[in-house]
Amino acid sequence: MAIVAVTLFAIACGSGYTAVEKPATVGWKRVGSWSGRGDRQTESFTSDTGGFRVQWATNNEAPPGAGRLKVVFRSGDSGRDIIDAVDTRGVGRGTAEVGDRPRWYFLTIESANVDWTVTVEEPITATTNKNW
Numbered sequence: 825m826a827i828v829a830v831t832l833f834a835i836a837c838g839s840g841y842t843a844v845e846k847p848a849t850v851g852w853k854r855v856g857s858w859s860g861r862g863d864r865q866t867e868s869f870t871s872d873t874g875g876f877r878v879q880w881a882t883n884n885e886a887p888p889g890a891g892r893l894k895v896v897f898r899s900g901d902s903g904r905d906i907i908d909a910v911d912t913r914g915v916g917r918g919t920a921e922v923g924d925r926p927r928w929y930f931l932t933i934e935s936a937n938v939d940w941t942v943t944v945e946e947p948i949t950a951t952t953n954k955n956w
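Take 825 as the starting number for the sequence shown in the numbering used here and just add one per residue.
So, in C-alpha cells, the structure goes:
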C-alpha cells in the first residue's frame with residue numbers, strides 16, 4: 825500500500841501541475857453594518873470575492889439566559905440560505921470568516937432578547953509573485 829502511495833505521489837509531482845496560491849488578504853472593505861433588537865432583513869449587496877468576515881456582538885440580554893442571535897447570508901436572487909454565519913446564545917462577541925462565491929447577497933438577522941450589532945467585511949486581496 826505504501827509503495828502505491830509513493831508511486832502516485834511521484835507521478836503527481838512530475839505531472840506538470842502547479843499549485844495555485846490563494847491571494848493574500850491585505851485588508852478588509854466594509855460591506856455594511858447593522859444594529860438593533862429583534863429580527864431584520866438587510867438590503868442586498870454584491871460580493872466580488874465571495875469571502876466575508878462577520879463581526880458580531882450581543883448585549884443587554886433580558887431576561888438572562890434567553891438571548892439568541894442568528895445571521896444567515898441569503899441569495900440576492902432566490903432568497904435561499906447560502907451561509908449560516910452566526911448562531912449564538914447569550915451575551916458575547918465574535919468574528920466568523922465565511923465564504924461561498926461572488927454573487928448578490930442579503931442577510932437575515934434573527935434575534936431574541938438581546939441588542940445586537942453585525943458588521944460584514946469583504947477581503948481585499950493581492951496576488952504575490954514569487955518571481956520578483
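By construction, the Cβ of each residue, glycine as well, lies at the ideal position given by its N, Cα and C atoms. All values derive from a computational prediction rather than experimental measurement.
Determine the direct distance from the alpha carbon of Ala920 to that of Ala909, and round the result to whole angstroms.
Here the question's residue 909 lines up with position 85 in the sequence shown. Here the question's residue 920 lines up with position 96 in the sequence shown. Their Cα atoms are separated by approximately 7 Å.
Tell me whether Asn883 sits in a helix, a strand or coil according to DSSP, three-state version.
The residue you call residue 883 lines up with position 59 of the sequence shown. Here Asn883 sits in strand by DSSP.
Could you tell me which of Thr949, Val938, Lys853, Ile948 sits nearest to Pro887, measuring between CA atoms?
Position 63 of the sequence shown, counted from the start, is the residue given in the question as residue 887. Among Thr949, Val938, Lys853, Ile948, the Cα nearest to that of Pro887 belongs to Val938.
Which stretch, first to last residue, makes up the beta strand (DSSP E) that contains Glu867?
Locating residue 867 in the sequence shown gives position 43, where the first residue counts as 1. Where Glu867 is concerned, there is no enclosing beta strand (DSSP E), given that its DSSP letter is neither H nor E.
Take Arg917 and list the residues in its own chain whose beta-carbon comes closer than 6 Å to its own, dropping the five residues that flank it on each side.
Along the sequence shown, read from residue 1 onward, the residue named residue 917 stands at position 93. Closer than 6 Å at Cβ, skipping near neighbours: Ala881.
From the DSSP secondary-structure annotation, give me the bridge partner or partners of Val915.
As a working mapping, residue 915 is identified with position 91 in the sequence shown. DSSP output for Val915 lists no bridge partner at all.
Tell me Asp939's beta-bridge partners as DSSP assigns them.
What you label residue 939 is simply residue 115 of the sequence shown in a count that begins at 1. Partner(s): Arg861, Asn883.
Is the closest heavy atom of the ligand COA to the C-beta of Ala881 under 7 Å?
For the ligand COA, the structure offers nothing, since it holds no ligand at all.
Burial state of Phe833, where buried means 16 or more other Cβ atoms lie within 10 Å:
The residue given as residue 833 occupies position 9 in the sequence shown. Caution applies to Phe833, whose pLDDT of 46 falls short of 50 and renders its modelled position unreliable; the value that the coordinates give is listed next. So Phe833 ends up on the exposed side.
With DSSP run on the structure shown, which of helix, strand or coil describes Asp924?
Here residue 924 corresponds to residue number 100 of the sequence shown, with the count starting at 1. Asp924 falls in the coil class under three-state DSSP.
Is it the case that the Cβ atoms of Gly851 and Phe869 are separated by a distance below 8 Å?
Residue mapping note: residue 851 aligns to position 27 of the sequence shown, counting from 1. Residue mapping note: residue 869 aligns to position 45 of the sequence shown, counting from 1. No, the Cβ-Cβ distance between Gly851 and Phe869 is not below 8 Å.
Here's the rule I'm using: 16 or more other beta-carbon atoms within 10 Å means buried, otherwise exposed. How should Arg904 be labelled?
If you number the sequence shown from 1, residue 904 lands on position 80. The residue is exposed, with fewer than 16 neighbouring Cβ atoms inside 10 Å.
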